[in-house]
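The structure appears below as structure tokens.
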Amino acid sequence: MALRAAAARLVPGAALTDLQVLGHYDFYYYGRDEHAMLGHIEKPLPVWRLVFDDPQASWVYLDPRTGQVLSRQDRGNRASRWLFAFLHSWDWTGLLTRRPLWDILLVFLSLGGAALSLTGVVIGWRRLGRKLRA
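Read the sequence shown against our numbering and you will find it ends at 306, with the numbers running on by one and no gaps.
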């Protein structure tokens with residue numbers, strides 16, 4: 173009962189609909205190597221994930237030992253995680269734990285991106301050359 177009362181203060185006007193104890197990282201709360209983007213932020217385990225019924229579909233991650241709010245996620249943050257963080261650093265937990273596979277995939281995708289960029293430069297150069305000669 174005390175937990176529900178404290179949770180109600182975290183997201184005013186919303187009811188706590190679910191509480192999950194996470195002993196492992198998920199797609200939205202995960203650790204990173206120190207050198208990686210956001211790697212300086214400590215992500216201890218286990219955590220409590222509190223799910224609320226507010227219009228933003230808020231999730232709050234709490235440290236069960238201290239009660240400290242470790243992370244807040246809403247619908248927009250979760251979409252941003254996939255549209256920005258995942259596409260910019262490929263920080264999918266399945267790849268982060270298999271580091272040689274992550275490196276190979278990133279080199280392959282980087283070479284593909286470089287080839288696509290080079291193709292665009294060549295096409296643009298040829299088109300510009302035709303316009304200048306005409």
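Beta carbons: idealized from backbone N, C-alpha and C, even for Gly. Model, not experiment: these values are computed from the prediction.
Next on the checklist: Report the CB separation of Y200 from R244 in whole angstroms; it is logged as a contact under 8 Å.
Outcome noted: The count along the sequence shown starts at 1 and reaches residue 200 at position 28. The count along the sequence shown starts at 1 and reaches residue 244 at position 72. Not confirmed; about 10 Å, so no contact.
Checklist entry - Of all the options R253, S252, Q240, I276, which has the alpha carbon lying nearest to the alpha carbon of L182? => result Within the sequence shown, the letter at position 10 stands for residue 182. Ranking the options by Cα distance to L182, first place goes to Q240.
Checklist entry - Contact check, R221 vs Y233 under 8 Å by CB: the rounded distance? => result Position 49 of the sequence shown, counting from 1, holds the residue named residue 221. Position 61 of the sequence shown, counting from 1, holds the residue named residue 233. Right, the Cβ-Cβ distance comes to about 6 Å (below 8 Å), so this counts as a contact.
Item to check | Own chain, CB closer than 7 Å to V193, minus 5 neighbours either side, in chain order | outcome: Looking up residue 193 in the sequence shown gives position 21. Counting only Cβ-Cβ distances below 7 Å, and skipping sequence neighbours, we find P218, W220.
Next on the checklist: For W264, which residues in the same chain have their Cβ closer than 8 Å to its Cβ, ignoring the five residues on either side in sequence?
Outcome noted: Sequence index remark: in the sequence shown, residue 264 carries index 92 (1-based). Here the set comprises F199, F258.
Item to check | Own chain partners of A179 with C-beta closer than 7 Å, once the 5 adjacent residues on each side are dropped | outcome: Position 7 of the sequence shown, counted from the start, is the residue given in the question as residue 179. Cβ contact annotation for A179 (same chain, cutoff 7 Å, sequence separation greater than five): L188, L222, in chain order.
Item to check | Extent of the continuous alpha helix (DSSP H) to which V293 belongs | outcome: Within the sequence shown, numbered from 1, the residue matching residue 293 stands at position 121. Where V293 is concerned, the enclosing alpha helix (DSSP H) stretches over 271–305.
Item to check | Where the beta strand (DSSP E) containing R244 begins and where it ends | outcome: For the purposes of this step, residue 244 is taken as residue 72 along the sequence shown, with counting starting at 1. That run of the beta strand (DSSP E) goes 241–245.
Checklist entry - From L281 to A177, what distance separates their C-alpha atoms? => result For the purposes of this step, residue 281 is taken as residue 109 along the sequence shown, with counting starting at 1. For the purposes of this step, residue 177 is taken as residue 5 along the sequence shown, with counting starting at 1. Roughly 48 Å separates the two Cα atoms.
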